[in-house]
Every structure is written in C-alpha cells, then in structure tokens.
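Visitor: Residue numbers (full-length UniProt numbering): 1 to 339.
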C-alpha cells in the first residue's frame with residue numbers, strides 16, 4: 001500500500017513508519033517544516049511538509065495514497081494545555097481523516113490511546129467493551145483522546161474505512177522527543193524524587209508498531225483494538241526498572257503529599273514563566289490504574305507483547321548509544337558492553 005503517516009518523527013509514528021517500510025509498503029511522512037525526518041528519508045520514506053490544520057497541504061500529501069495512519073498527538077497533564085490538546089487530539093483528527101475521506105483512501109488507522117477508557121482507583125482490567133470513565137474523571141488529556149476518537153468515528157459513519165488502535169503506556173527505543181519512554185531514563189538518572197502508587201499497562205513501541213501495521217492490513221473497519229502490555233503497579237514497574245539500571249527506587253509517598261508538592265511547583269513555574277516539572281494533573285493520573293487487555297488484538301491481529309525486561313534493557317541500550325544516558329552503574333555498563 002501507499003501510506004501517509006502523520007506523527008512519523010515521534011516515538012510511535014516513527015516506529016510505525018519503519019515497520020511499514022520493512023513490510024514493503026510505500027511510506028510518505030507528513031511532518032512540520034521544523035521536524036527532522038532525515039533518518040526515515042534515508043530508510044526510504046518520502047516527506048511531505050505541512051501543518052495538521054493545513055487543508056491544501058494535506059490534500060497534496062494524500063495524493064496517490066491508498067491509506068493513512070494518523071499517529072500525531074499531544075500528551076500532557078500540566079495546567080494550561082487544554083487548547084493544545086483540543087487542537088491536536090481533536091481538531092487535527094477531523095482535519096487529517098476528513099481530508100483522507102475526501103481523497104478516497106481505502107484504509108485509515110487512528111492512533112488513539114487506552115486513556116479513552118479512563119482509569120480506576122483500584123486495579124481493574126479494561127478492554128474494548130468496557131464502558132470507561134474518561135469524561136467522569138475530567139482529565140483534559142483523557143477527554144481530548146476520547147473526543148478525537150469520536151470525531152474519527154463520525155467520519156467513519158460517512159464512509160471512511162477506519163480502524164482504531166489504542167496503545168497503552170509505550171516504552172522502548174527511539175524516544176527522541178522525551179515522551180513516555182523517557183520515564184525509564186528519569187529513574188536511571190535519579191531525577192524522580194518520589195512516586196505515588198497506581199498502575200499502567202506497559203508495552204513496547206516495536207510491538208505497538210507491528211500492531212498498527214496489522215490493523216492497517218487486516219483490522220476490521222469500525223473496530224478498536226487495545227495494544228496493551230504488562231499490567232504492573234507502579235511500585236513493581238519501578239522496582240524492576242531500577243534493578244536493571246542498578247539504582248535504588250525512589251520512595252513512595254501519599255497522594256495528598258504529592259498533590260501539595262505539585263501545587264507548589266505549579267505556582268513557582270507560573271511565577272518564573274516556565275512549565276512545572278510536575279503537576280497536580282499528573283499526580284492524579286499517576287494514582288490511577290489503567291490496566292488493559294489486548295486479547296482482541298492478539299486474536300484478530302496477531303499482536304504480541306515482548307517481556308518487560310527486554311523493553312527496559314533495549315530502552316537503556318538505545319539511550320546509552322545515543323548519548324542520552326551515561327552508563328554510570330555496573331548494570332548499565334554491562335548493558336552497554338553486552339550483545
């Protein structure tokens with residue numbers, strides 16, 4: 001297929017583009033003028049430049065394309081991000097997939113998120129059939145992803161052959177912009193002073209990318225597929241990740257204490273005109289359990305999840321190789337020197 005990929009210079013979109021190329025598909029990236037797409041160009045991808053709300057540029061980028069994978073998105077839990085979340089996670093979905101419908105593409109895949117299913121105060125495993133509580137939680141990021149998915153489904157009702165994939169918490173190599181996988185580097189570098197208990201489903205970007213390709217090739221139009229991983233409490237995830245890095249895990253603190261600290265950080269950041277290092281929204285999100293099941297994707301798409309330790313080790317190896325992490329413990333040196 002001739003595929004247009006948005007978000008291709010990010011963690012998930014970049015892995016999707018590489019997986020498509022490896023499968024023999026023709027890939028054209030749609031990227032901003034300032035985005036560095038040189039590595040994917042060298043791998044064989046074309047690049048079309050434009051903004052997500054630029055309809056003429058989108059029409060030009062879609063010319064001759066059979067399919068589109070819309071992976072561009074914004075993740076954030078800090079104050080003042082509502083407008084950006086709305087612009088990218090909702091209106092850009094309408095723009096990109098609306099242009100794809102007008103262009104007559106035969107397949108479209110939307111990168112959504114397990115955030116659309118919300119989260120729980122105690123461990124519960126959700127899947128595509130779960131009712132979800134994203135709106136009830138009121139977290140702008142969760143709500144924006146849910147609204148984006150609804151916008152895509154409205155276009156599907158008009159004839160777009162849409163498949164939705166919902167990745168969980170993505171780890172793995174290639175996080176050039178410091179998004180979700182950067183949490184592992186933060187632990188290894190001892191930059192996270194404390195954490196609150198919650199839990200998430202941790203998956204690898206390479207498995208998620210293969211899930212996207214399978215959704216494009218054989219996913220059922222109108223369906224959503226959860227691309228989750230290992231359901232781990234934060235205490236367990238941190239213990240295992242820190243053991244691989246050879247560093248002590250940070251202490252666990254009560255949620256009220258973390259919220260108070262985050263409020264102080266927000267006030268200080270506002271006074272200094274910068275973004276806070278943490279926020280109350282992030283604390284509240286971290287205290288949730290967002291466990292999920294990929295059973296449907298495993299049955300219908302052949303989705304598979306690699307071992308958690310492999311995800312972590314490969315993330316650290318990539319970070320060391322690219323100069324993002326110093327191998328300053330015996331464990332990290334062993335990773336750097338090993339096969």
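Every residue, glycine too, gets a C-beta built ideally from N, C-alpha and C.
1. I believe residue 2 touches residue 66 by the beta-carbon criterion, under 8 Å. Please report the beta-carbon distance rounded to the nearest angstrom.
2. Does DSSP put residue 187 in a helix, a strand or coil?
3. Can you tell me the Cα-Cα spacing of residue 220 and residue 284, whole angstroms?
4. What residues in its chain sit with their C-beta under 6 Å from that of residue 148, if we drop five residues either side in the sequence?
5. Identify every residue that forms a DSSP beta bridge with residue 26.
6. Note down the Cα distance separating residue 282 from residue 196, rounded to an integer number of angstroms.
7. Say whether the segment 74-83 touches the segment 40-47, bearing in mind that this needs 3 or more beta-carbon pairs closer than 8 Å, one atom from each stretch.
8. Where are the beta strand (DSSP E) runs, 3 residues long or more, that stay fully inside the segment 3-67, in chain order?
9. Suppose you measure from the CA of residue 35 to the CA of residue 20; what does that come to, to the nearest Å?
10. Could you tell me how far apart the beta carbons of residue 15 and residue 27 are, in whole angstroms, since I believe they sit closer than 8 Å?
11. What are the start and end residues of each continuous alpha helix (DSSP H) run of 4 or more residues lying completely inside the segment 190-276, in chain order?
12. Report yes if the CB atom of residue 222 is closer than 8 Å to the CB atom of residue 162, and no otherwise.
13. Measure from the alpha carbon of residue 185 to the alpha carbon of each residue in 238, 213, 122 and 286, then state which is nearest.
14. For residue 273, decide whether its Cβ has a neighbour in chain B, counting only Cβ atoms nearer than 8 Å.
15. Which residues does DSSP list as the beta-bridge partners of residue 171?
16. Taking DSSP as the reference, what is the three-state secondary structure of residue 93?
17. Output yes or no for whether 8 Å exceeds the beta carbon distance between residue 188 and residue 245.
18. Keeping to the same chain, check which residues put their C-beta closer than 7 Å to that of residue 269; ignore five residues upstream and five downstream.
19. When DSSP builds the beta bridges, which residues end up paired with residue 292?
20. Is the separation between the beta-carbon of residue 154 and that of residue 292 shorter than 8 Å?
21. When you compare only the Cα positions, how much space is there between residue 174 and residue 320?
22. Considering only residues of the same chain and omitting the five flanking positions on each side of residue 259, which have a CB-CB separation below 6 Å?
23. Could you give the first and the last residue of the continuous alpha helix (DSSP H) run that contains residue 312?
24. What do you reckon, are the CB atoms on residue 107 and residue 29 nearer than 8 Å?
25. Please name the residue in 297, 296 and 331 whose C-alpha comes closest to that of residue 312.
Guide: With the given structure in hand:
1. Within the chain shown, numbered from 1, the residue matching residue 2 stands at position 2. Within the chain shown, numbered from 1, the residue matching residue 66 stands at position 66. Rounded to the nearest angstrom, the Cβ distance from residue 2 to residue 66 is 5 Å, consistent with a contact under 8 Å.
2. Taking the first residue of the chain shown as position 1, residue 187 is located at position 187. The three-state secondary structure of residue 187, taken from DSSP, is helix.
3. By 1-based counting over the chain shown, the position of residue 220 is 220. By 1-based counting over the chain shown, the position of residue 284 is 284. The C-alpha of residue 220 lies about 35 Å from the C-alpha of residue 284.
4. In the chain shown, residue 148 corresponds to position 148, counting from 1. Excluding sequence neighbours, residue 148 sits near 89, 90 and 93.
5. Counting from 1 along the chain shown, the entry for residue 26 is found at position 26. Note: residue 26 sits in a beta bridge opposite 2.
6. For this step, residue 282 is matched to residue 282 along the chain shown. For this step, residue 196 is matched to residue 196 along the chain shown. Approximately 10 Å, taken between the alpha carbons.
7. Taking 8 Å as the limit for Cβ pairs, the verdict is that the segment 40-47 does not touch the segment 74-83.
8. Every beta strand (DSSP E) stretch that sits fully inside the segment 3-67 and reaches 3 residues is listed by chain position as 26-31 and 46-49.
9. Your numbering for residue 35 matches position 35 in the chain shown. Your numbering for residue 20 matches position 20 in the chain shown. A straight line joining the alpha-carbon of residue 35 with that of residue 20 spans about 20 Å.
10. On the chain shown, residue 15 is found 15 positions in, with the first residue counted as 1. On the chain shown, residue 27 is found 27 positions in, with the first residue counted as 1. That pair is no contact at about 12 Å.
11. You should have 205-218, 234-245 and 255-272.
12. Position 222 of the chain shown, counted from the start, is the residue given in the question as residue 222. Position 162 of the chain shown, counted from the start, is the residue given in the question as residue 162. Yes, the pair counts as a contact, with Cβ atoms nearer than the cut-off.
13. Here residue 185 corresponds to residue number 185 of the chain shown, with the count starting at 1. Checking every option, the nearest Cα to that of residue 185 belongs to 238.
14. The structure shown contains no chain B, having only a single protein chain.
15. Against the chain shown, residue 171 aligns to sequence position 171. Beta-bridge pairing links residue 171 to 204.
16. Locating residue 93 in the chain shown gives position 93, where the first residue counts as 1. Residue 93 falls in the helix class under three-state DSSP.
17. For this step, residue 188 is matched to residue 188 along the chain shown. For this step, residue 245 is matched to residue 245 along the chain shown. With respect to the 8 Å criterion, residue 188 and residue 245 are classified as neighbours on the basis of their beta carbons.
18. Position 269 of the chain shown holds residue 269. Taking residue 269 as the centre and dropping the five residues before and after it, the same chain places the C-beta of 275 and 276 closer than 7 Å to its C-beta, in chain order.
19. Here residue 292 refers to the residue found at position 292 of the chain shown. Paired residues: 126.
20. As a first step, residue 154 is located in the chain shown; it is residue number 154 there, counting from the start. As a first step, residue 292 is located in the chain shown; it is residue number 292 there, counting from the start. No, the Cβ-Cβ distance between residue 154 and residue 292 is not below 8 Å.
21. Your numbering for residue 174 matches position 174 in the chain shown. Your numbering for residue 320 matches position 320 in the chain shown. Straight-line spacing of the CA atoms in residue 174 and residue 320 works out to 12 Å.
22. For the purposes of this step, residue 259 is taken as the residue at position 259 of the chain shown. Hits under 6 Å: 280 and 283.
23. Translated into positions along the chain shown, residue 312 becomes position 312. For residue 312, the enclosing alpha helix (DSSP H) stretches over residues 308-321.
24. Walking along the chain shown from the start, residue 107 turns up at place 107. Walking along the chain shown from the start, residue 29 turns up at place 29. Not in contact: residue 107 and residue 29 (Cβ atoms no closer than 8 Å).
25. As a working mapping, residue 312 is identified with position 312 in the chain shown. Selected option, being the one with the closest Cα: 331.
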